[in-house]
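Following: one structure in structure tokens, then a few remarks.
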Amino acid sequence: MIREFIKAFLLIFAAEMGDKTQIIAMTFATQYKVKEVLLGVFLGVFLNHGIAILLGRYLSKLIPMDWIQLIAGFMFVLFGLIALKEEKVEDEKEKNYGPIITVALAFFVGELGDKTQLTAMTLSAEGMYPVFILLGTTLGMIVTSGLGIYVGSKIGEKIPDIFIKIISSVVFVSLGTLKLYNLLLDKFVNIYYIGIYLLIILSVQIILARRLIYTRKYLYYSPMKEAASNLYIQTKLLDEAVDKICLGERSCGKCLGENCIVGYTKDMLKKARENEEYYIKKTVNFEKLKKKDFCIDKVIDALSLIVMDYMKYGIVENDKFVINQARESLEIILFDKKIEFNENLSMYLERIEKTDKFIGRQLKSSIANRTNNVNNNL
């Protein structure tokens with residue numbers, strides 16, 4: 020019972036490490052709260068794997084167990100080879116179902132016919148405790164998704180996702196090979212056949228691994244690395260924009276560093292890039308930080324950059340995301356208070372214009388200018 024649970028968990032964990040599922044989870048985590056993403060993953064995967072396990076139990080009553088074991092062995096080997104295939108991560112179009120349902124639907128549909136669903140089906144066909152297998156496979160998906168989200172907050176160019184895929188491939192091929200060996204030991208196994216089998220499998224793995232490495236190196240840009248680069252560029256450009264806000268010691272006196280709202284914001288953005296940590300551990304009350312004379316036009320320009328980032332990369336709901344923190348600091352400078360932000364940019368801009376019509380119009384003008392510059396460069 021516990022053995023089947025652990026086996027199911029470890030197999031799914033190995034299968035999904037470095038897989039598109041982690042990237043999708045990471046992407047959703049930049050739009051919704053982590054709890055909502057993980058709950059959505061649980062619902063989608065639980066239903067998906069539940070169907071697979073019911074089907075697996077049904078097949079086990081129709082097909083002899085030896086045949087099921089044999090099929091399982093071949094499928095594990097196949098999963099191991101598929102793990103080395105490059106997968107395209109399709110954009111998940113946000114629907115008006117709410118965060119949890121959106122994530123659940125994405126994972127339910129995304130896992131249909133996937134190797135994890137087939138793994139769950141295979142395990143249930145040969146196992147005795149389908150409920151524990153379902154719990155194991157579901158937990159495996161939640162843990163790998165959670166790791167994807169965690170990695171997503173610390174992503175960088177050094178993520179060895181190819182290495183993870185190769186390890187996953189080796190694990191599945193090894194398990195499948197051992198299963199086939201035990202089943203065919205009496206009839207077909209001898210040194211000659213073993214040698215041919217290993218030669219073929221290793222050759223295919225090497226070819227697929229080399230193709231994967233070549234694709235990643237010359238033809239493909241890893242989604243994790245792309246996300247890392249986007250975050251780095253976002254914070255760098257914003258840091259430069261915030262830096263222009265400060266008028267220097269000649270205008271406002273001695274620099275207060277982190278005790279100044281602009282100084283704190285600059286330091287926060289700098290640390291985010293250097294440490295590759297784009298979610299701060301502890302929020303600060305910007306209203307208590309020192310506010311001096313700043314260049315209002317530059318503050319508006321920096322805020323327009325944040326709005327443009329939201330339009331281009333999407334809105335992150337997490338308040339601890341550094342871009343959101345920077346937005347709040349700019350709001351305090353401009354209005355001496357935070358502006359209500361509910362992930363609707365049109366309403367956000369309307370609230371700003373109601374608070375200060377002049378700043379609101381300037382902000383819209385700055386956004387329009389940035390949009391025109393982007394279009395002209397295309």
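Residue numbering for the sequence shown follows my numbering, starting at 20 and increasing by one per position. Think of the CB as a built atom: it goes at the ideal place given N, C-alpha and C, for glycine as much as any other residue.
Span of the alpha helix (DSSP H) around residue i
i	result
PHE305	First-last for PHE305: undefined, no H or E at that position.
THR399	This structure cannot speak to residue 399, because the chain is shown only from 20 to 397.
VAL335	Premise fails: VAL335 is in no alpha helix (DSSP H) and is neither H nor E.
LEU221	210-233
Residue i (DSSP reduced to helix, strand or coil)
i	result
TYR367	helix
PHE61	helix
PHE28	helix
TYR298	strand
ILE386	helix
ILE101	helix
Where residue i falls, given that 16 or more other Cβ within 10 Å makes a residue buried
i	result
TYR367	buried
GLU113	Here the model assigns GLU113 a pLDDT of 43, short of 50, so the residue's position is not dependable and the matter cannot be decided.
VAL281	buried
LYS177	In this predicted model, LYS177 has a pLDDT of only 48, less than 50, meaning its place in the structure is not dependable; the value taken from the coordinates is given anyway. The residue in question, LYS177, is exposed, as its Cβ has fewer than 16 Cβ neighbours within 10 Å.
LYS198	buried
ASN115	Low local confidence applies: a pLDDT of 44 at ASN115 is under 50, so the model's placement there is unreliable, and no value is given.
ASP355	exposed
ALA233	Reading the sequence as shown, one finds Tyr at residue 233 and not Ala. The residue is exposed, with fewer than 16 neighbouring Cβ atoms inside 10 Å.
ASP338	exposed
ASN201	exposed
LYS438	Residue 438 lies beyond the residue range present for the chain, which begins at 20 and ends at 397; the question has no answer from this structure.
LEU221	exposed
ASN343	buried
VAL150	exposed
MET20	exposed
GLY3	The chain is shown from 20 up to 397; residue 3 falls before or after that span and cannot be answered.
TYR298	buried
MET147	exposed
GLU306	exposed
PHE377	exposed
ALA387	exposed
ILE401	Since the displayed the chain opens at 20 and closes at 397, residue 401 lies outside it and no answer follows.
ILE25	exposed
ILE225	exposed
ASN391	exposed
ASN209	exposed
LYS134	buried
GLU293	exposed
GLY195	buried
PHE182	exposed
PHE126	buried
GLU214	Checking the displayed sequence, the identity of residue 214 turns out to be Gly instead of Glu. Looking at its Cβ environment, which holds fewer than 16 other Cβ atoms inside 10 Å, GLY214 is exposed.
ASN363	exposed
ILE351	buried
Selected residue, minimal CA-CA separation from residue i, among the options
i	options	result
VAL326	ASP316, LYS317, ARG346, MET36	ARG346
LEU124	LEU62, ARG370, TYR329, GLU372	LEU62
LEU203	PHE151, LEU256, ASP85	ASP85
GLU316	GLY379, ASN201, LYS357	Per the sequence shown, the amino acid found at residue 316 is Asp instead of Glu. For ASP316, the nearest C-alpha among the options comes from GLY379.
ARG389	LYS52, THR374, MET330	MET330
PHE65	LEU153, GLY92, LYS52, GLU369	LEU153
ILE120	GLY59, ILE168, VAL53	GLY59
TYR283	SER348, LEU322, ARG229	SER348
ALA228	PHE377, VAL190, ALA102	ALA102
VAL318	SER385, ALA139, PHE360	SER385
ILE334	ILE352, PHE360, ILE351	PHE360
VAL53	LEU322, ILE161, ALA291, ILE226	ILE161
SER188	ASP258, GLY155, GLU145, VAL96	VAL96
VAL303	VAL341, CYS314, LEU73	VAL341
ALA260	ALA321, MET94, LYS300	ALA321
GLY99	ALA34, ALA44, LEU137	ALA34
beta-carbon residue i near the ligand MG non-hydrogen atom, thresh 6 Å
i	result
TYR77	Among the components of this structure there are no ligands whatsoever, and the ligand MG is therefore not found.
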